[in-house]
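Take a look at the structure below.
Below, the structure written as structure tokens:
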């Protein structure tokens, strides 16, 4: 099957994955790791997934200069000019705007998928057919599409999207009008969301035409839009990097969700279920990874467990771990760091990181 | 103070310390490790302790050929011919007999202390004054002296010595006649021992004249005695090693406790208290090591604990460990092995070792 030359993809790969420390490290964060033990990093899985829909040269990776070489190493044969390097971290709106102007130079008729590099999608066939549908309606309508996941339990770590079940796109009723984006709810609120039936998990995967997203950016984030617009003729030239380095650093740091999606009136969501997880925490990773009969999820060639249950264990292959009498813990032995932490206390990992930086230095981050 | 030229010491350093795996490894067992974090190995502490009583050249180390180089490295300036290498493990009776014949060649009037290399003695002054007394009575009497520790609690991991409080040496009433050696008791039995007041822990530290121990060996273990006796003229010559290699391997494997002390009629014990521990298990080590306010005993330059109590933690200095929510565990990260085990389950370490050897290979032992 020939791939549609107007299909484009922007994969955001600039995150630092600090919640996965010490497996995720400053010099090689989560998206570059095989956190599932599948033999591919999350970025590689993401890239290969979109290769089935977009011509290879239409896939852009936005990342940090720090990670350019890892991207080249992991994505065999990627054109180096498809790797866009952010000179500073400014959240997703500037990142997407930059990619838009690069794509504009290449193809003003582009229809674009924007996706994180570090999420997991288990039901790829369903996902790809949803994406195909979304690309089609995005091409035919001036709308902004976000994918919403039917929630299976009251997760308090995700943002939620409320949709209007009675108001869908005429051309495809599966795409529902978005009423509200919400921040991470508390437990009671999350349960109410689930019970209501009209709330979805916000997967942070967007589909739109280049025309529609640029129009929305121009309307809702004009400063950012104009800043990049001034350099549109420099895109793809020798002067691009210099321009970006200047423009980017002076940009407001703001997410596309907050800056555009929550404010725009033409946002639609397609409720779906394609085995998605943001694998955002050790516990989330535990949920999606395979487990042995004792409920232990183990990565590492040499892990021996005794009277141990429901742990998530990640050990470097050159190391042997013997673990006895542990229930419901995270155990990570990665290079120069060992972490042992109760699974229910995983939110403390960020605090540990801060303490480590202050007390022990950057070599352990 | 000039040291008595008849004072000799035999330090037994051939053990493999498997209960301290993975800190203790086949190629560097417990006696060569700084398990206390004092900056010296147990062997070094033992050696330096006896240097205060015996001329340096009168201190012999019996060990395995495997560990000869570690002994040389750790005991600065030791004469290489003071390191006696066992060609095979045959327990303590052959080891002591070998040393006796080496010392006999040097000084038939020797009075000898025999001590393990891997025990801890915290009250060194008291210990040394007891040893001085014991050397004196051993010189003047044809007796075999063992040091007995006044028990502070019903330990089930030690052997016990029952003594006769009414029957002591005429020349020094502190030395009591031994009635019985016992194996490790169960909990109830150990409590009975304590309550009786006439049981002591068997520390495995002996004092005797060369004359008395050789007479006892000749009486009670004549095969072993005669085997070594045949080579007495070869001791200290080029032919010693060849002779020992042959003799040793064909020797019965038997302990001095079982072969001599339990059978001899001239055994005396001096009840004492010099802060002794055989540091035989992780739990025993935990008891004697320093602890922080949370009861954690930690060795390692980079260990950070959160909500963790009563653990014994040993981490290589080049590694950072962050440990949260752990109570009453052993955590050891040593070279290519990580061990996490409940302190109360420490007896399982031997089983782990067997499993590791079978399933993973000798590189982790």
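Residue numbers (my numbering), protein chains in the order written: chain H, 1 to 365; chain F, 1001 to 1365.
C-beta: ideal position from N, C-alpha, C; glycine also.
This structure is a prediction, so every number in the text was calculated from the model and none was measured.
Which one of 1005(F), 1064(F) and 1128(F) has the shortest CA to CA distance from residue 1029(F)? Counted from its first residue, the second chain places residue 1029(F) at position 29. Here the closest residue by C-alpha is 1064(F).
For chain H, is any of its Cβ atoms less than 8 angstroms away from the one on residue 1321(F)? As a first step, residue 1321(F) is located in the second chain; it is residue number 321 there, counting from the start. True, the Cβ-Cβ gap to chain H drops below 8 angstroms.
Using the beta-carbon count (16 or more within 10 Å), is residue 1158(F) buried or exposed? Residue mapping note: residue 1158(F) aligns to position 158 of the second chain, counting from 1. Looking at its Cβ environment, which holds 16 or more other Cβ atoms inside 10 Å, residue 1158(F) is buried.
Taking Cβ to Cβ, would you say residue 11(H) is nearer than 8 angstroms to residue 46(H)? Counting from one through the first chain, the residue named residue 11(H) turns up at place 11. Counting from one through the first chain, the residue named residue 46(H) turns up at place 46. Yes, the Cβ-Cβ distance between residue 11(H) and residue 46(H) is below 8 angstroms.
By DSSP, does residue 13(H) sit in helix, in strand, or in coil? Within the first chain, the letter at position 13 stands for residue 13(H). Residue 13(H): coil per DSSP, three-state reduction.
Neighbouring residues, chain H, relative to residue 1012(F) (Cβ below 7 angstroms): Looking up residue 1012(F) in the second chain gives position 12. Those do not exist, as residue 1012(F) stays about 29 angstroms from chain H at its closest Cβ, beyond 7 angstroms.
Same chain only: Cβ atoms within 8 angstroms of residue 1365(F), ignoring 5 sequence neighbours per side: As a position in the second chain, residue 1365(F) is number 365, starting the count at 1. For residue 1365(F), where only same-chain residues beyond five positions count, the Cβ hits under 8 angstroms are 1021, 1025, 1026, 1353, 1356 and 1357.
Terminal residues of the continuous alpha helix (DSSP H) containing residue 282(H)? Translated into the one-based positions of the first chain, residue 282(H) becomes position 282. Run containing residue 282(H): 282-288, per the alpha helix (DSSP H) assignment.
Buried or exposed: where does residue 1170(F) fall if 16 or more other Cβ atoms within 10 Å of its Cβ makes it buried? In the second chain, the residue the question calls residue 1170(F) occupies position 170. That one is exposed.
Closer than 8 angstroms is the cut-off here; do at least three beta carbon pairs connect the stretch 68-75 of chain H with the stretch 197-217 of chain H? no
Mind the definition here: the stretch 216-223 of chain H touches the stretch 241-260 of chain H only if three or more C-beta pairs lie below 8 angstroms; say whether that holds. yes
Terminal residues of the beta strand (DSSP E) in which residue 270(H) lies: Indexing the first chain from 1 puts residue 270(H) at position 270. Looking at the DSSP string, the run of the beta strand (DSSP E) that includes residue 270(H) is 267-272.
Report yes or no: do the stretch 1166-1180 of chain F and the stretch 1133-1147 of chain F share at least 3 C-beta pairs separated by less than 8 angstroms? yes
Does the beta carbon of residue 1243(F) fall short of 7 angstroms from some heavy atom of the ligand MN? Only the bare structure without any ligand can be found here, which leaves the ligand MN out of the picture.
Against chain H, with Cβ distances strictly below 8 angstroms, would residue 1306(F) count as a contact? Position 306 of the second chain, counted from the start, is the residue given in the question as residue 1306(F). At least one chain H Cβ lies under 8 angstroms of residue 1306(F).
Just to make sure I have the definition right: I need the residues of chain F whose C-beta is within less than 9 angstroms of the C-beta of residue 127(H). Which are they? Here the question's residue 127(H) lines up with position 127 in the first chain. Near residue 127(H) there are no residues of chain F at all, since even the closest Cβ is about 36 angstroms away, more than 9 angstroms.
Sort out for me which residues DSSP pairs residue 1321(F) with in a bridge. As a first step, residue 1321(F) must be located in the second chain, where it is residue number 321. Paired residues: 338(H) and 1303(F).
Whose Cβ in chain F lies nearer than 7 angstroms to the Cβ of residue 325(H)? Working through the first chain from its first residue, we reach residue 325(H) at position 325. Result: 1341, 1342 and 1345.
Close beta carbons around residue 1164(F), own chain, < 7 angstroms, minus the five adjacent residues each side: Residue mapping note: residue 1164(F) aligns to position 164 of the second chain, counting from 1. Same-chain partners within the cutoff: 1176, 1177 and 1179.
Can you tell me where the beta strand (DSSP E) holding residue 60(H) begins and where it ends? Locating residue 60(H) in the first chain gives position 60, where the first residue counts as 1. It spans 59-64 - the beta strand (DSSP E) in which residue 60(H) sits, taken as one unbroken run.
If distances are taken between C-alpha atoms only, which option among 1233(F), 1312(F) and 1264(F) comes closest to residue 1283(F)? The residue labelled residue 1283(F) in the question sits at position 283 within the second chain. Of the candidates 1233(F), 1312(F) and 1264(F), the one whose C-alpha sits nearest the C-alpha of residue 1283(F) is 1312(F).
For residue 1330(F), the residue or residues it bridges with in DSSP: By one-based count along the second chain, residue 1330(F) stands at place 330. Paired residues: 1312(F) and 1341(F).
Classification of residue 1361(F) by the beta-carbon crowding that lies within 10 angstroms, buried from 16 upward: Working through the second chain from its first residue, we reach residue 1361(F) at position 361. Exposed: under 16 other Cβ atoms inside 10 Å.
Could you give the distance in angstroms between the alpha-carbon of residue 1346(F) and the alpha-carbon of residue 13(H)? For the purposes of this step, residue 1346(F) is taken as the residue at position 346 of the second chain. For the purposes of this step, residue 13(H) is taken as the residue at position 13 of the first chain. So the two alpha carbons sit approximately 45 angstroms from each other.
Since residue 1161(F) sits in a beta bridge, which residues does DSSP pair it with? To locate residue 1161(F), count along the second chain from 1; it is residue 161. DSSP, once it has assigned bridges, lists 1181(F) and 1200(F) as partnering residue 1161(F).
Return the chain-ordered list of same chain residues with a C-beta closer than 6 angstroms to the C-beta of residue 1320(F), the five sequence neighbours on each side being excluded. Residue mapping note: residue 1320(F) aligns to position 320 of the second chain, counting from 1. The answer, listed in chain order, is 1302.
How many Å lie between residue 1085(F) and residue 1004(F) at the Cα? Numbered from 1 along the second chain, position 85 holds the residue referred to as residue 1085(F). Numbered from 1 along the second chain, position 4 holds the residue referred to as residue 1004(F). Near 26 angstroms, if we compare the C-alpha coordinates of residue 1004(F) and residue 1085(F).
Report the residue from 254(H), 317(H) and 197(H) whose alpha carbon sits nearest the alpha carbon of residue 221(H). As a working mapping, residue 221(H) is identified with position 221 in the first chain. The shortest C-alpha separation from residue 221(H) is found at 254(H).
Along the stretch 280-310 of chain H, what residues have a CB closer than 8 angstroms to any CB found in chain F? 302, 304, 306 and 307
In chain order, what residues of the stretch 1152-1167 of chain F put their CB closer than 9 angstroms to some CB of chain H? none
Suppose you measure from the CA of residue 1226(F) to the CA of residue 1269(F); what does that come to, to the nearest Å? As a position in the second chain, residue 1226(F) is number 226, starting the count at 1. As a position in the second chain, residue 1269(F) is number 269, starting the count at 1. Whole-angstrom Cα-Cα distance: 28 angstroms.
Output the distance between the C-alpha atoms of residue 1300(F) and residue 1315(F), rounded to the nearest integer angstrom. For the purposes of this step, residue 1300(F) is taken as residue 300 along the second chain, with counting starting at 1. For the purposes of this step, residue 1315(F) is taken as residue 315 along the second chain, with counting starting at 1. Looking at the two C-alpha atoms, the distance is approximately 5 angstroms.
Pairwise C-alpha distance: residue 1329(F) and residue 1310(F): Looking up residue 1310(F) in the second chain gives position 310. Looking up residue 1329(F) in the second chain gives position 329. C-alpha separation (whole angstroms): 7 angstroms.
Rounded to whole angstroms, how far is the Cβ of residue 1210(F) from the Cβ of residue 1135(F), which I believe are closer than 8 angstroms? Position 210 of the second chain, counted from the first residue, corresponds to residue 1210(F). Position 135 of the second chain, counted from the first residue, corresponds to residue 1135(F). Actually they do not touch by this definition, with Cβ atoms about 12 angstroms apart.
CB of residue 1332(F) within 8 angstroms of CB of residue 1339(F), strictly: Taking the second chain and counting its residues from 1, the one referred to as residue 1332(F) is at position 332. Taking the second chain and counting its residues from 1, the one referred to as residue 1339(F) is at position 339. Yes, Cβ-Cβ distance for residue 1332(F) and residue 1339(F) is below 8 angstroms.
One or two residues paired with residue 1206(F) in a DSSP bridge: The count along the second chain starts at 1 and reaches residue 1206(F) at position 206. Answer is 1114(F) and 1146(F).
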